[in-house]
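To start, the structure itself, in structure tokens.
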Amino acid sequence: MTKLPTVKVPVPDVTVGAYRAVFGRLGSLLELGWLPLLILLGVSIVPAVLPPGFGDNGVVLRAVPDLLDLVAGALCLNAFGVRWYQAQLFGGADHRPWLRLWGRFLLYTFALYTALGVVLVAILLAGTVADDRSVGVEIGVVALDLAAVTALLLAMARLSLLYPAAAAGQPIGISGAWRATRGNGWRIVLCWLFATAPLLLGVQIVMGAVFSGFGIGEATTAPMGLYILRGLIGTVADFLIAALGAVVLSDVYRRLVPAAGR
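Per my numbering, the very first residue in the sequence shown carries number 51; after that it's consecutive.
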């Protein structure tokens, strides 16, 4: 069996390149994502326009806004993702087929959501088991939860090239993605974290500061305008994070897949 050459992904270069590609080409990003962005903006303000007391009489009704946001996010962000990946890999997404690839992206995302759901349910069940137990058992459960999350994060990184490969019209499959990312799992995780975490953290800090004080003591609830603003900022941030992640994985794909003999 021929040993595949190992290429080490340069974390600083990939991260800086992602910032340059996204924030230096905001016009291209808006050109490809304006329709999904508008749809998600509309969905994001749904909770602000619902009548007071909506969902008080049923768990299902209370879950409707979150479910709508989840479904719309998966559809819109994946539609944008296919074309943005193509723009990174080919220098443009015009006249390239993407609807069929969109279905493959949705399949990957569904599998990811399912895996995350299984891990979260397992963590919740483990936390329930730890109730009324000794400190040692609780520490063990926490350590097990961290290990499960870490393993899932690393597995996601090892399979992350499924997306750019699909966008390129050359799907490599689970085994191909796993082989291509050998020795670079944590490097991919670091690239993604360094590229997206500052933006995500900044948005959380800003929105936390904006809403601080409302609903505390005798303070009034936040006005509807702030909820709409939060939806706007959150939606734009989601697109920027998706764009940064796609640039990172496109760069990693170009570096690793040719080295894997493709």
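Virtual Cβ for every residue (Gly too), placed ideally from N, Cα, C.
Can you name, in chain order, every residue of its own chain whose Cβ lies under 6 Å from the Cβ of residue i, other than the five neighbours on each side?
{"i": "Cys-126", "result": "Pro-86, Ile-89, Leu-90"}
{"i": "Ala-230", "result": "Leu-211, Leu-306, Val-307, Ala-310"}
{"i": "Thr-56", "result": "Gly-233"}
{"i": "Arg-304", "result": "none"}
I need the DSSP call for residue i, collapsed to helix, strand or coil.
{"i": "Pro-62", "result": "helix"}
{"i": "Gly-153", "result": "helix"}
{"i": "Leu-117", "result": "helix"}
{"i": "Arg-305", "result": "helix"}
{"i": "Arg-133", "result": "helix"}
{"i": "Trp-148", "result": "coil"}
{"i": "Ile-173", "result": "helix"}
{"i": "Leu-82", "result": "helix"}
{"i": "Ile-222", "result": "coil"}
{"i": "Val-57", "result": "coil"}
{"i": "Ala-165", "result": "helix"}
{"i": "Ala-71", "result": "helix"}
{"i": "Pro-214", "result": "helix"}
Can you name, in chain order, every residue of its own chain whose Cβ lies under 8 Å from the Cβ of residue i, other than the five neighbours on each side?
{"i": "Ile-173", "result": "Asp-195, Ala-198, Val-199"}
{"i": "Leu-82", "result": "Phe-130, Arg-133, Trp-134, Ala-137, Ala-143"}
{"i": "Leu-250", "result": "Ala-287, Ile-291"}
{"i": "Leu-118", "result": "Val-93, Val-96"}
{"i": "Ala-227", "result": "Arg-208, Leu-209, Ser-210, Leu-211, Leu-212, Ala-215"}
At the level of alpha carbons, what is the spacing between residue i and residue j?
{"i": "Leu-120", "j": "Gly-281", "result": "14 Å"}
{"i": "Gly-74", "j": "Leu-290", "result": "12 Å"}
{"i": "Ala-259", "j": "Ile-283", "result": "14 Å"}
{"i": "Pro-101", "j": "Val-114", "result": "13 Å"}
{"i": "Gly-267", "j": "Trp-84", "result": "With a pLDDT of only 49 at Gly-267, under 50, the local geometry of the prediction cannot be trusted, and no value is derived from it."}
{"i": "Arg-70", "j": "Thr-246", "result": "13 Å"}
{"i": "Leu-204", "j": "Leu-80", "result": "31 Å"}
{"i": "Pro-221", "j": "Ala-165", "result": "21 Å"}
{"i": "Pro-248", "j": "Ala-124", "result": "23 Å"}
{"i": "Leu-202", "j": "Phe-160", "result": "15 Å"}
{"i": "Ile-255", "j": "Ser-262", "result": "10 Å"}
{"i": "Ala-98", "j": "Arg-112", "result": "13 Å"}
Report whether the distance from the Cβ of residue i to the nearest heavy atom of the ligand COA is below 7 Å.
{"i": "Ile-189", "result": "Among the ligands in the structure shown, none appear at all, so the ligand COA cannot be discussed."}
Short of 7 Å in beta carbon distance, which residues of its chain neighbour residue i, apart from the five on each side in sequence? Order them along the chain.
{"i": "Trp-242", "result": "Gly-295, Val-298"}
{"i": "Met-257", "result": "Arg-280, Ile-283"}
{"i": "Ser-300", "result": "Tyr-135, Gln-138, Leu-139, Pro-214"}
{"i": "Ile-224", "result": "Leu-209"}
{"i": "Pro-273", "result": "none"}
{"i": "Val-64", "result": "Cys-241, Val-298, Asp-301, Val-302"}
Is the shortest distance between the beta-carbon of residue i and the beta-carbons of chain C less than 8 Å?
{"i": "Ile-222", "result": "Here there is only one protein chain, and chain C is not present."}
4 or more residues per run - each alpha helix (DSSP H) lying fully within the segment 225 to 300: 235 to 261
Could I get the ranges of all uninterrupted alpha helix (DSSP H) runs contained in the segment 184 to 208, with 4 residues as the minimum, in chain order? 185 to 208
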